[in-house]
Amino acid sequence: LREQVVVEDAASARHHAAMLTHHVFESRRLGNRRSLWHLPLGEAAADARPLVVFLDAEYYLDRMQALELLSASHAEGRLPACDDVFLSHLDAVTRWQDYMCSALFAESVARELPRFLRSDLGIADEALKIIGGLSLSGLAAAHASWSAPDVYSRAFAQSGSFWWSDEFLTDQIAGSPRPTVQFSLTCGLDETEAPVDHGSGLIQRVSQIDASRRFRDTLERTGHTVRYTEHPGGHTIEAWRHQLIPTLKPL
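Per the numbering used here: the sequence shown = residues 1010 to 1260.
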């Protein structure tokens, strides 16, 4: 029986890998073009399928094997039918520019990306929209949803870099009430290091876990819904992979 399950799981993974399609998203706001991958899971009607936008596609697809995880979880009934979209970060320089609470990037994913997904992939405007990421892209996802809660009413961040710029986003949320968003946040219990020199003048003055806790507290004080989990491990691909499905399920 176990061999049969393994064979069926492998066949399911191959089937969903074949369903992954590549597209090119052009942003006039950002002045660039980048790869985007679409994975449709399930047979629900277009307007009933949530859209999940994963920033840092290269991490989720290439290093975390998210395709395998998501396909298996859907087949097991742990996740509903949905449209998973993985958006490239292009390169290291662009990743930093976009993911450090860039207003232009937030506008692009909130205004330009849904139009592209509707016209090119047939994803309905009415679809529930979720955006998420890890580390810096977790920060960017939280910023994008807070900036455009009318578009992304739910967001997730795995080890989000809420320490950035002396906890800029936390202060922004505390000082500027917005329509509420539902957040799913995780952080590793070993993410306690500070200060950290990330190079190019980027200094992390507080630990990932302390900044995450303050971000959670601020969200709760300002009326947002938060599911926050501290898990064994650190700022690693292995920890993020293990926590991916538990992070998504509350949303």
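Even for Gly, the Cβ is constructed at its ideal location relative to N, Cα and C.
Problem - Continuous alpha helix (DSSP H) assignments of at least 4 residues falling wholly in the stretch 1154–1197 - result: Taking only runs of at least 4 residues, the alpha helix (DSSP H) segments lying wholly in the stretch 1154–1197 are 1173–1184.
Exercise for the section: Determine the contact status of glycine 1197 and phenylalanine 1165, defining contact as a CB-CB distance below 8 Å. Expected result: no
Problem - Per-residue DSSP class, three states only, for histidine 1083 - result: Correct three-state label for histidine 1083: helix.
Exercise for the section: Measure the Cβ-Cβ separation of proline 1186 and threonine 1234 and say whether it is below 8 Å. Expected result: no
Exercise for the section: Return the chain-ordered list of same chain residues with a C-beta closer than 6 Å to the C-beta of leucine 1130, the five sequence neighbours on each side being excluded. Expected result: Take leucine 1130, set aside five residues on each side of it, and the residues of its chain with a beta-carbon closer than 6 Å to its own are His1047, in chain order.
Problem - Beta-bridge partners of tyrosine 1237, as assigned by DSSP - result: Leu1194
Practice task
Find out if the Cβ-Cβ distance for the pair valine 1190, serine 1154 is shorter than 8 Å.
Solution key: Cβ atoms of valine 1190 and serine 1154: closer than 8 Å.
Practice task
Count the other C-beta atoms from every protein chain shown that fall within 10 angstroms of the C-beta of histidine 1031, then say buried if there are 16 or more, exposed otherwise.
Solution key: Classification for histidine 1031: exposed.
Practice task
Have a look at glycine 1169 and leucine 1113 and give me their C-alpha separation to the nearest angstrom.
Solution key: 19 Å
Problem - Where the beta strand (DSSP E) containing proline 1049 begins and where it ends - result: 1041–1050
Practice task
Starting from the C-beta of leucine 1143, find all residues in its chain whose C-beta is less than 7 Å away, skip the five residues before and the five after it, and write them out in chain order.
Solution key: Asp1065, Tyr1068, Gln1167, Ser1168 and Trp1249
Handout entry: Beta carbon of serine 1261 nearer than 8 Å to that of leucine 1060
Key = Because the chain spans 1010 through 1260 in this model, residue 1261 falls outside it and cannot be assessed.
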